[in-house]
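Following this note's numbering, the numbering of the sequence shown begins with 37 at its first residue and continues without gaps. Note that the Cβ used here is the ideal one computed from N, Cα and C, for glycine as well. To start, the structure under review is shown below, and the notes come after it.
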Amino acid sequence: MTARSRVWTLGASLLLTATLAACGSSSTGSGSTSGGGSGGGAGAYGGGAASGGSSSSAPAAGGSASAAAATVMTASSSLGTILVDGSGRTLYLFTKDSPGTSTCTGGCLAVWPPLLGTPTAGTGVDASMLGTLTRPDGKTQVSYKGMPLYYWAQDSAPGQTSGQGVQGVWWVVSPQGTPITTK
Numbered sequence: 037m038t039a040r041s042r043v044w045t046l047g048a049s050l051l052l053t054a055t056l057a058a059c060g061s062s063s064t065g066s067g068s069t070s071g072g073g074s075g076g077g078a079g080a081y082g083g084g085a086a087s088g089g090s091s092s093s094a095p096a097a098g099g100s101a102s103a104a105a106a107t108v109m110t111a112s113s114s115l116g117t118i119l120v121d122g123s124g125r126t127l128y129l130f131t132k133d134s135p136g137t138s139t140c141t142g143g144c145l146a147v148w149p150p151l152l153g154t155p156t157a158g159t160g161v162d163a164s165m166l167g168t169l170t171r172p173d174g175k176t177q178v179s180y181k182g183m184p185l186y187y188w189a190q191d192s193a194p195g196q197t198s199g200q201g202v203q204g205v206w207w208v209v210s211p212q213g214t215p216i217t218t219k
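See below:
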């Protein structure tokens, strides 16, 4: 590894650590809905550009994807039955959010992109628990039992749950709309 590579790797690691710390710290929005800023580039966080497929999509690096429809369904995982999007990508909730309100803003959005679009209930999901909230940028974020839903940018393939328990505040979601807090 060259000196230049080591410096870049160290810088990227520090940036990731700072952003994750911000995601685990107290909210900056005082109860407002999440902002539209994307913070730092998602490339420093291990990606976030994975496609979510035809029925929904994960955000591209550094931004948010818009989707006409966002399918939410269940899948079996090592953590139990969890919520996933139409392509099988794991969905998470942030325990510092409250029903109808997202507190993940700025750099947090670069590593925890929101599920955007009009929700459609897939297999195993209670359609009456699906909803939306309008973000300040005018985009529609999907919620389940009132809680905003997010992707973890480092989950690059369906079925991955590597965001489980990050900072003790990010959890996969059960079909009942509660966080599954086992690791």
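Checklist entry - Run through DSSP, which three-state label would residue 209 get? => result strand
Checklist entry - From residue 179 to residue 126, what distance separates their C-alpha atoms? => result 14 Å
Item to check | Straight-line Cα distance separating residue 165 from residue 214 | outcome: 11 Å
Checklist entry - How would you label residue 112, buried or exposed, when you count the other beta carbons within 10 angstroms and need 16 or more for buried? => result Residue 112 counts as exposed, since fewer than 16 other beta carbons sit within 10 angstroms of its beta carbon.
Checklist entry - Are the region 151 to 163 and the region 188 to 207 touching, with three or more C-beta to C-beta distances below 8 Å? => result no
Checklist entry - Assuming residue 106 contacts residue 141 under a Cβ cut-off of 8 Å, what Cβ separation, rounded to an integer in Å, is found between them? => result About 20 Å separates the two Cβ atoms, so there is no contact after all.
Checklist entry - So, helix, strand or coil for residue 177, using DSSP? => result strand
Next on the checklist: Only counting the same chain, and skipping five residues up and downstream in sequence, which positions put a Cβ closer than 6 Å to that of residue 202?
Outcome noted: none
Checklist entry - What does a CB cutoff of less than 6 Å around residue 136 pick up in its chain, not counting 5 residues either side in sequence? => result 169, 182
Checklist entry - Where does residue 134 sit, in a helix, a strand or coil, going by DSSP? => result strand
Item to check | Three-state secondary structure (DSSP) of residue 106 | outcome: Note: residue 106 maps to strand in three-state DSSP.
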